[in-house]
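Protein chains: 2
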Amino acid sequence: MARNKHPQETVNLIINTAYRLFLQKGYDHTSIQDIIQHLGGLSKGAIYHHFKSKEEILFAVMDKLSEGSYQILLNVKNRKDLNGKEKLKQIFKDSLNSPIQEELFVVTPSIGKNPIFLTTMLQETVKEGVPECVLPIIEEGIKDGSIHTQYPNALAEFIMITVNIWLNPMICECTLQQLYDKFKVFQQILLGFDLDIIDEEFLSRLLELASIRQNM
Amino acid sequence: MARNKHPQETVNLIINTAYRLFLQKGYDHTSIQDIIQHLGGLSKGAIYHHFKSKEEILFAVMDKLSEGSYQILLNVKNRKDLNGKEKLKQIFKDSLNSPIQEELFVVTPSIGKNPIFLTTMLQETVKEGVPECVLPIIEEGIKDGSIHTQYPNALAEFIMITVNIWLNPMICECTLQQLYDKFKVFQQILLGFDLDIIDEEFLSRLLELASIRQNM
DNA sequence: AGTATACATACCGACAGTCGGTATTATAAA
DNA sequence: TTTATAATACCGACTGTCGGTATGTATACT
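First to last, the sequence lines map onto chains A and B.
Start counting the first sequence at 1; every next residue gets the next number (the working numbering).
Start counting the second sequence at 1; every next residue gets the next number (the working numbering).
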């Protein structure tokens, strides 16, 4: 294939192709050959010209994944009409409602069967999601008096991990009834911290997403 | 090497060797050749005679790992001097104090960098640990009046995942101070369910285990 | 024109897994 | 007890596939 005048298009093509395959078949079970075949004429040389390893493609895919969440955060963070607690609630709501979430749920058979994704997600949550997103907002909430805790960092980590792992139907697969129960338990826990940040709207969207997977 | 009259010994040798290597170097970075080299004369044929794939060796290793927890459970489950809540507390205590835990902490550099282990552990927790171990005891606690919840299954899952993932220093690596904070948050959460099942003794053992890893 | 870039292609070593073969043990009939 | 037969334990060369590299070539930029 002739060389592309706009190489970024080739990079995006590779990332998008890998993105789809990684989510569908899992990172381990997607070979470079697989990616090449879905690239439409491009060869191995093209891939290794733009990426130095398969793992680097994974990182690019993960970046693409977290991009959406980061946008949501920024939008909420700068709003002046919400206090810390309200911002937290808004972030959870927006995250669940984002089209990326929907796409993820439709495309991915089971992240639980995609070990590297799970691990990377867990680490990104703790090393980036918490310090860059949730923690600053919790601290803001502490300052404005809407959130009370002695352990903002631990609380932030706890909430993120619980939502991203335990409440995530892609990871901890369960029936809709069980998911409902899990929501109730989590809601009760958060109320123990005076955090009324997940409501019936959150629940129904969660169930909606989960039910996508029940019919597959 | 001459054939062994007691083939189970060979199987155990393979499992134990793989066990050590998988924990030390990770499943992905342990090759069959690696295992063979630490087997003392046995060959690839021997391995594939007893196991049909590398993954099957992994399953055997995971079984060996959960064996210990299962024993602890059985010991506690049959005790007549404890109610449900007390049994729960005892199980957590015994689990942390078991020599297997200690060995794990000493030998394993980071389960977080061992994706398959993490995934398998998560799935085993939900599919076996909860229904076979924690849930029956919580239900016992509900019957004897020591535990109160509308959602025993969700609560069991929540506790197990939080302890096994978030509070696990092998997975969510953090400073001792952060681990202390996390303990406090989790303790507060459990108290919200009237579950006073982790105490200062649990904490100090947890910190002790975690500090093993700090000095590596 | 000359250089840097965007690819193509032939190739490499490592890997998991297979297969035909051999040596040892278990079984059981003579 | 001996001997024929079968089953098991193991060996090691081989295969296909994998991620990754080295090198060649055509196109775009300066």
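The beta carbon of each residue, even a glycine, is placed where N, CA and C say it ideally should be.
| Item | Value |
| --- | --- |
| May I ask you to report which of helix, strand or coil DSSP gives D34/A? | helix |
| Chain A beta carbons: is any one of them nearer than 9 Å to that of D181/B? | yes |
| Any C-beta of chain A sitting closer than 9 Å to the C-beta of L13/B? | no |
| My guess is that M62/A and T120/A are in contact by the Cβ rule of under 8 Å, so how many angstroms apart are they, rounded? | 6 Å |
| Between which residues of its own chain and M170/B is the CB-CB distance below 8 Å, once the five residues before and five after are set aside? | L104, F105, T108, S110, I111, G112 and R213 |
| Which residues, in chain order, does the region 114-133 of chain A contribute to contact with chain B at a C-beta distance below 9 Å? | N114, P115, I116, F117, L118, T119, T120, L122, Q123 and V126 |
| So what's K182/B in DSSP terms, helix, strand or just coil? | helix |
| In the structure shown, what three-state DSSP assignment does A210/A receive? | helix |
| Under the three-state reduction of DSSP, which class applies to Y70/B: helix, strand or coil? | helix |
| Note down the Cα distance separating I180/A from V163/A, rounded to an integer number of angstroms. | Reading the sequence as shown, one finds Tyr at residue 180/A and not Ile. C-alpha separation (whole angstroms): 13 Å. |
| Under 8 Å between beta-carbons, which chain A residues line up against Q24/B? List them in chain order, please. | Neighbours of Q24/B on chain A: none; closest Cβ ~18 Å, over 8 Å. |
| Give every residue of the same chain whose Cβ lies closer than 8 Å to the Cβ of P152/A, excluding the five residues on either side of it in the sequence, and list them in chain order. | L135, I138, E139 and I142 |
| For a test of the three-state rule: what should DSSP assign to L195/B, helix, strand or coil? | coil |
| Taking Cβ-Cβ distances below 9 Å as the criterion, which residues of the region 154-175 of chain B are in contact with chain A? | A154, L155, E157, F158, I161, T162, I165, W166, I171, C172, E173 and C174 |
| Rounding to the nearest angstrom, what Cα-Cα distance links T10/A and H50/A in this structure? | 8 Å |
| Output, in sequence order along the chain, the residues in the region 23-48 of chain A whose CB is closer than 7 Å to any CB in chain B. | none |
| Judging by CA-CA distance, which residue of Q178/B, G129/B and D81/B is the nearest neighbour of L65/B? | G129/B |
| Hey, does F51/A have any beta-carbon neighbour from chain B nearer than 9 Å? | no |
| Which bits of chain A does V185/B rub up against, with CB to CB less than 7 Å? | Y151, A154, L155 and F158 |
| Of all the CB atoms in chain B, is at least one closer than 9 Å to the CB of G192/A? | yes |
| Name the chain B residues that come within less than 8 Å of G112/A, Cβ to Cβ? | T119, L122 and Q123 |
| When we look at the beta-carbon of E173/B and count the other beta-carbons within 10 Å, is it buried (16 or more) or exposed? | buried |
| Using a Cβ-Cβ cut-off of 6 Å (strictly less than) and excluding sequence neighbours within five positions of T149/B, which residues of its own chain qualify? | L155 |
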